[in-house]
Every structure is written in C-alpha cells, then in structure tokens.
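Q:
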Amino acid sequence: MKTKFVLLITLLLAQFPNVLFASEAEHALPDPFMVIPFAVLLLMIATGPLFYHHFWEHHYPKVAIFLGLITMTYYLAVLGDTHTLLHTLAEYLAFIALLASLFVASGGILIKIDKKSTPMLNVIILFIGAVIANIIGTTGASMLLIRPFIKINRKRIKAYQFVFFIFLVSNIGGALTPIGDPPLFLGFLRGVDFFWFFDDIWFIWLPTVLLILAIFYVIDSRNVAENDNEEYSGKIEFKGLKNVGFLLIILVSVFIDPAVIPWVPSLAPLPFGIREVIMFAVVYFSYKMADEEILKANEFDFEPIKEVAYLFIGIFATMIPALQLIAHEAKVLGDQLNTGIFYWATGLLSGFLDNAPTYLNFLSAAMGKFGLDINNPAEVHQLSVEYPIYLTAISVAAVFFGAMTYIGNGPNFMVKSICERSGIKMPSFFAYWIKFAIPVLIPIFTLVWLIFFNGG
C-alpha cells in the first residue's frame with residue numbers, strides 16, 4: 212500500500228512542470244458520488260475507536276491511504292487533473308510541516324505549575340492559551356500547554372476539561388491574527404492587512420471566549436478532588452529555553468513566502484517552499500537537541516503527530532471533490548448569499564472539511580458578489596475596507612467552527628491523542644459532537660450570528 216502511494220506521489224511530482232500554470236477551471240467537476248470516500252473516512256474515524264478499536268488502531272494508516280488513493284486515481288485516470296492533486300499535496304505539506312515543527316519544538320519545553328487545581332486556575336490557563344494562540348498559533352499554544360494542563364488536573368481529571376481546552380486554545384483563541392489559524396494566514400497572503408483581524412474580530416472574540424470560560428467555570432466548580440492532601444509550593448518552573456528559539460524560528464518562517472516577501476525565491480516546480488524546508492529542519496534539530504529529561508518528563512513520543520499525518524493525508528485527498536463542488540455552488544450562488552449564510556455555510560463546512568480551503572472558497576464567493584477578484588490583493592483589501600462584515604463573518608466562522616469536531620482543526624486530534632496516551636478517556640467522535648459541541652458551542656455561535664451577522 213505504501214509503495215503504491217509513493218509511486219503515485221512520484222508520478223505527480225514528475226508531472227508538476229506541465230501543470231504548474233494550469234488553471235483549475237480547465238478541468239471538469241467531479242461526479243458527486245466521489246464524495247463517498249470522504250464520507251466513509253469520516254464515518255470510520257467516528258466509529259472505529261468505538262466498535263472495532265483493535266482493527267482501527269492497527270490499520271487506520273492503511274484505511275486513510277487506501278481511500279485517498281481512490282480519489283487520486285479518479286482524478287488521474289478519469290479527469291486527467293494533476294493540477295488539483297499537486298495543489299492539495301502542496302497544502303498538505305505546508306499543513307504537516309507547521310504542525311510537526313510546533314509539536315516537536317514544544318515537546319522540548321517543560322512547564323511545571325506546582326499549584327492546586329482549581330476552577331479559577333484552569334480558567335486562567337485556558338484564557339492565557341487563547342491569547343498566546345494568536346502569537347504561536349493554535350497548534351503551538353496547544354502543544355505548549357496541554358501537558359502542564361493534564362498534570363495540574365491530575366487529582367480531579369475529567370474529559371470535559373480537555374474538550375474545553377480544544378474549544379478555546381486549539382481553535383477559537385486563534386482568531387485575532389494571521390498566525391493564529393491557517394485560514395486567516397491565507398487571507399493575509401491574499402491581501403488582508405495583518406492587523407485587520409484584530410481590529411474587526413476582537414469584539415466578537417472576547418465575549419465568545421469569556422462566555423465559554425464562564426460555562427467551563429460552572430462545570431469545573433462541581434468537580435471536587437478527593438483525597439488531595441498534597442502540599443503545593445506555588446512555583447512555576449520553565450525549562451527548555453533553546454526550544455523557545457526553535458518556536459521563534461517557526462514563527463519567522465511562516466512569513467518566508469514569495470507572496471509575503473517578493474524577494475524570497477520560489478522552489479517551483481517543487482510542491483513546497485523554503486518555509487517548509489525550514490520547518491522540517493526544525494523538526495529534526497529541535498528533537499535532536501532537546502533535553503532528554505524534558506522529553507521524558509513530557510512523555511514525548513511521535514505517535515500523536517503520526518496519527519494526524521496519516522489521517523489528514525486521507526482527509527486532504529478525499530475531500531477534494533467535496534471542496535470543488537462546494538466552490539462551484541458558492542460561486543454560482545454568490546450574489547444570493549447574505550452575511551448570515553456566509554457565516555453558517557463557512558462555519559458548518561469548516562467543522563468537517565479543512566477550514567483553510569473552505570475559507571478561500573467562500574471568500575472567493577464574497578468577492579464575486581461585489582465583482583472583485585480574489586487573485587488581486589488590492590481588491591481583497593478593498594473588500595476588507597468597503598464590505599468588512601462579509602470578511603468578518605467568513606473569518607470568524609472558519610476559526611470558531613473548527614472546534615465542532617475532532618477533525619475541524621489539526622491540533623484537535625493531537626490534543627485528543629496526547630490525552631488518551633496519558634490515560635484520559637476522551638469522548639468518541641459522536642460523543643464529542645453530541646455531548647459538548649452542539650449543546651455548548653451551537654447556542655453561543657447562534658448568539659454570535661444574531662448579534663453580529665443577522666443584518667442581511
């Protein structure tokens with residue numbers, strides 16, 4: 212299976228020079244039935260850990276690759292569309308380079324908070340995580356804080372604590388800067404000012420974060436530790452300063468892109484750039500140079516990022532037909548869509564599809580609504596100035612709704628995997644959705660819609 216996959220990737224790379232400047236519009240839309248592999252993969256992600264745990268645990272990489280190969284073969288053999296596959300490969304490499312580098316670099320940082328777990332302490336940690344998600348990304352903040360958060364709550368540990376961690380630190384927190392979440396970075400690359408997101412989203416972000424924290428505080432206040440007679444020093448210890456340097460390298464490398472800095476050379480026809488080369492180098496060197504005692508204290512291993520890498524290569528491949536069909540319909544119906552529809556459509560689809568291409572599809576539809584071109588940075592800037600409510604609705608929804616499912620954003624699965632490897636019984640895919648996401652997030656997101664995006 213892996214050999215066939217490598218052969219297909221090699222074939223794609225060989226075709227890269229021929230399709231580098233091809234337009235996606237030159238290719239026919241996929242048949243709707245090609246959404247089936249994506250639906251099957253989502254269903255297996257949801258049901259595998261529940262009903263056939265042993266099979267899923269040992270064979271999920273094969274399942275993800277096999278279903279991805281079905282879609283790839285269809286695009287190669289039936290549509291003759293290598294451009295879309297190569298574009299998806301480039302997106303996947305950028306995605307996994309960022310997640311892997313942040314995961315490994317943060318694994319070499321040890322934060323010890325020797326304080327008694329209280330609802331207020333947890334609220335403070337979650338709020339700090341939501342804030343720093345805008346500085347080092349939702350992935351960086353999640354990987355930096357999840358292990359100390361687990362250790363702080365070891366005396367009264369419950370799964371809901373980490374579900375709210377996913378809500379706030381892994382998703383909603385990162386809505387204020389392009390660094391926070393990938394879709395916002397794509398908007399920045401297209402022409403949205405760096406500080407536009409903060410200026411136009413903070414007044415939605417802050418009450419949303421505070422409301423979720425208030426709900427968490429009420430729930431956490433009912434969780435009383437039993438036999439917690441430990442003495443706590445109150446000290447906060449930080450080790451692994453050199454890995455902070457690696458995090459800074461990752462942060463700077465995010466901007467090393469020809470779309471941001473014109474003199475940065477492109478590595479075309481390769482499906483990655485200097486940014487990804489730097490990030491993969493950080494993966495290697497930050498692990499090799501990390502303090503072994505810190506890695507041991509963090510119980511660090513590569514299983515969480517391995518799980519994300521395999522599952523998301525299947526997700527990226529199989530969701531191509533769904534994204535293309537959605538993009539087509541969004542462009543056709545763009546002039547009929549109001550801010551509320553943009554908000555709900557972007558949000559609900561971002562919970563089950565990768566939120567970055569979903570964001571771009573609906574941004575393109577919003578641009579088309581006003582006769583603007585998404586490929587013209589000046590016109591993207593014009594949208595942000597003249598029709599900011601549309602860009603706000605799309606941006607907020609793409610980031611916030613990533614918290615709706617485990618697959619809504621890359622860090623979600625990583626947090627789930629780290630928690631489970633620490634012995635925490637996390638809710639299943641459906642339980643997460645039904646017990647937490649729908650009753651907690653949907654009412655809040657509905658309130659956001661009523662207040663900010665219900666005006667037409």
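Quick note on numbering: the working numbering labels position 199 of the sequence shown as 410, and the sequence is numbered without any gaps.
The beta-carbon is built from N, C-alpha and C at its ideal position, and this holds for glycine as well.
(1) Would you report the Cα separation of ILE343 and ALA352, rounded to the nearest angstrom?
(2) May I ask you to report which of helix, strand or coil DSSP gives ILE320?
(3) Taking only runs of the alpha helix (DSSP H) that begin and end inside the stretch 456 to 541, which ones reach a length of at least 4 residues, in chain order?
(4) Assign PHE553 to one of two classes, buried (16 or more other C-beta atoms within 10 Å of its C-beta) or exposed (fewer than that).
(5) For the beta strand (DSSP E) that contains LYS362, what are its first and last residues?
(6) Would TYR570 be called buried (16 or more neighbouring beta carbons within 10 Å of its own) or exposed?
(7) Looking at ILE377: is its Cβ nearer than 9 angstroms to the Cβ of PRO650?
(8) Is ASP410 buried or exposed, if buried means 16 or more other CB atoms sit within 10 Å of its CB?
(9) Output the distance between the C-alpha atoms of LEU189 and PRO272, rounded to the nearest integer angstrom.
(10) DSSP state of GLU302, grouped into three classes?
(11) Can you tell me whether MET615 is buried or exposed, with buried defined as 16 or more other CB within 10 angstroms of its CB?
(12) Any contact between the stretch 277 to 296 and the stretch 462 to 475? By contact I mean 3 or more CB pairs, one from each, below 8 angstroms.
(13) From the DSSP output, in three-state form, read off PHE449 for me.
(14) Please report the residue range of the alpha helix (DSSP H) in which LYS580 lies.
(15) Nearest-angstrom Cα distance between ILE423 and LEU379?
(16) Assuming contact is defined by CB atoms lying nearer than 9 angstroms, are LEU462 and ILE346 in contact in what I supplied?
(17) Return the CA-CA distance between GLY628 and ASP292, expressed in angstroms with no decimal places.
(18) Closest to GLY613 by C-alpha separation, out of ALA589, THR557, PRO599 and GLU631, would be which residue?
(19) Do three or more CB pairs link the stretch 386 to 402 to the stretch 584 to 600 at distances below 8 angstroms?
(20) If distances are taken between C-alpha atoms only, which option among ILE485, VAL543, MET500 and LEU421 comes closest to ASN454?
(21) To the nearest angstrom, how far is the alpha carbon of LYS446 from that of LYS326?
(22) Is THR603 helix, strand or coil when you go by DSSP?
(23) Does the distance from the C-beta atom of ASP584 to that of PHE527 stay below 9 angstroms?
(24) Return the chain-ordered list of same chain residues with a C-beta closer than 7 angstroms to the C-beta of ALA308, the five sequence neighbours on each side being excluded.
(25) Starting from the C-beta of PRO330, find all residues in its chain whose C-beta is less than 7 angstroms away, skip the five residues before and the five after it, and write them out in chain order.
(26) Helix, strand or coil for TYR443, going by three-state DSSP, please let me know.
(27) Roughly how many whole angstroms lie between the Cα atoms of PHE408 and ILE662?
(28) On the three-state DSSP scale, how would you describe LYS273?
(29) Figure out for me which residue from SER633, ALA250 and SER317 has the closest Cα to the Cα of GLY456.
(30) So, is the C-beta of ASP565 closer than 9 angstroms to a C-beta in chain C?
(31) Based on Cα-Cα distance, which residue from GLY391, VAL251 and TRP267 lies nearest to VAL610?
(32) For the alpha helix (DSSP H) containing GLY621, name the first residue and the last one.
(33) If I measure Cβ to Cβ from ALA567 and keep anything under 6 angstroms in the same chain, skipping five residues before and after, which residues do I get?
(34) Please identify the residue among ILE324, ASP502 and PHE406 whose C-alpha is closest to the C-alpha of GLU442.
(35) Report all residues from its chain with a CB closer than 7 angstroms to the CB of GLU235; omit the five preceding and five following residues, and keep chain order.
(36) Can you tell me the Cα-Cα spacing of ALA436 and LEU332, whole angstroms?
A: According to the structure data:
(1) In the sequence shown, residue 343 corresponds to position 132, counting from 1. In the sequence shown, residue 352 corresponds to position 141, counting from 1. Looking at the two C-alpha atoms, the distance is approximately 6 angstroms.
(2) In the sequence shown, residue 320 corresponds to position 109, counting from 1. In this structure, ILE320 counts as coil in the three-state DSSP scheme.
(3) 485 to 499, 503 to 508 and 514 to 529
(4) Reading the sequence shown from its first residue, position 342 is the one you call residue 553. Classification for PHE553: buried.
(5) What you label residue 362 is simply residue 151 of the sequence shown in a count that begins at 1. First-last for LYS362: 330 to 363, but that is the alpha helix (DSSP H), not the beta strand (DSSP E).
(6) In the sequence shown, residue 570 corresponds to position 359, counting from 1. Looking at its Cβ environment, which holds 16 or more other Cβ atoms inside 10 Å, TYR570 is buried.
(7) Your numbering for residue 377 matches position 166 in the sequence shown. Your numbering for residue 650 matches position 439 in the sequence shown. No.
(8) In the sequence shown, the residue the question calls residue 410 occupies position 199. Burial call: exposed.
(9) Missing from the structure shown is residue 189; the chain here goes from 212 to 667 and no further.
(10) On the sequence shown, residue 302 is found 91 positions in, with the first residue counted as 1. Note: GLU302 maps to helix in three-state DSSP.
(11) Within the sequence shown, residue 615 is the residue found at index 404, counting from 1. Buried, since its Cβ has 16 or more Cβ neighbours within 10 Å.
(12) no
(13) Position 238 of the sequence shown holds residue 449. Correct three-state label for PHE449: strand.
(14) Here residue 580 is taken as the residue at index 369 of the sequence shown, counted from 1. 566 to 580 is the extent of the alpha helix (DSSP H) around LYS580.
(15) Mapped onto the sequence shown, residue 423 falls at position 212. Mapped onto the sequence shown, residue 379 falls at position 168. Going by the C-alpha atoms only, they are around 8 angstroms apart.
(16) The residue you call residue 462 lines up with position 251 of the sequence shown. The residue you call residue 346 lines up with position 135 of the sequence shown. A contact, by the Cβ cut-off of 9 angstroms.
(17) Position 417 of the sequence shown, counted from the start, is the residue given in the question as residue 628. Position 81 of the sequence shown, counted from the start, is the residue given in the question as residue 292. For the record, residue 628 in the displayed sequence is Ser; it is not Gly. About 35 angstroms.
(18) By 1-based counting over the sequence shown, the position of residue 613 is 402. Comparing Cα positions, the closest option is THR557.
(19) yes
(20) For this step, residue 454 is matched to residue 243 along the sequence shown. That would be MET500, whose Cα lies nearest to the Cα of ASN454.
(21) Counting from 1 along the sequence shown, the entry for residue 446 is found at position 235. Counting from 1 along the sequence shown, the entry for residue 326 is found at position 115. Whole-angstrom Cα-Cα distance: 7 angstroms.
(22) Here residue 603 is taken as the residue at index 392 of the sequence shown, counted from 1. Three-state DSSP puts THR603 in a helix.
(23) For the purposes of this step, residue 584 is identified with residue 373 of the sequence shown, where counting begins at 1. For the purposes of this step, residue 527 is identified with residue 316 of the sequence shown, where counting begins at 1. For ASP584 and PHE527, no; Cβs fall outside 9 angstroms.
(24) For the purposes of this step, residue 308 is taken as residue 97 along the sequence shown, with counting starting at 1. Excluding sequence neighbours, ALA308 sits near GLU487, MET490 and PHE491.
(25) Here residue 330 refers to the residue found at position 119 of the sequence shown. If we look at PRO330 and ignore the five residues flanking it on each side, its Cβ neighbours are TYR428, ASP431 and SER432.
(26) On the sequence shown, residue 443 is found 232 positions in, with the first residue counted as 1. Of the three classes helix, strand and coil, the one that applies to TYR443 here is coil, per DSSP.
(27) By 1-based counting over the sequence shown, the position of residue 408 is 197. By 1-based counting over the sequence shown, the position of residue 662 is 451. Using only the alpha carbons, I get a separation of about 18 angstroms.
(28) Taking the first residue of the sequence shown as 1, we reach residue 273 at position 62. Reduced to three states, the DSSP call for LYS273 is helix.
(29) For the purposes of this step, residue 456 is taken as the residue at position 245 of the sequence shown. Nearest of SER633, ALA250 and SER317 to GLY456, Cα basis: SER317.
(30) This model lacks chain C altogether, as it is built from one protein chain only.
(31) As a first step, residue 610 is located in the sequence shown; it is residue number 399 there, counting from the start. For the residues GLY391, VAL251 and TRP267, the minimum Cα distance to VAL610 belongs to GLY391.
(32) Counted from its first residue, the sequence shown places residue 621 at position 410. That run of the alpha helix (DSSP H) goes 621 to 632.
(33) Here residue 567 refers to the residue found at position 356 of the sequence shown. Same-chain partners within the cutoff: PRO393, PRO394 and LEU397.
(34) Residue numbering aside, residue 442 sits at position 231 when the sequence shown is read from its first letter. Measuring from the Cα of GLU442, the nearest candidate turns out to be ILE324.
(35) As a first step, residue 235 is located in the sequence shown; it is residue number 24 there, counting from the start. Note that GLU235 has pLDDT 41, beneath the 50 cutoff, so the model's placement of it is unreliable and no number is given.
(36) Along the sequence shown, read from residue 1 onward, the residue named residue 436 stands at position 225. Along the sequence shown, read from residue 1 onward, the residue named residue 332 stands at position 121. The alpha-carbon atoms of ALA436 and LEU332 are separated by roughly 14 angstroms.
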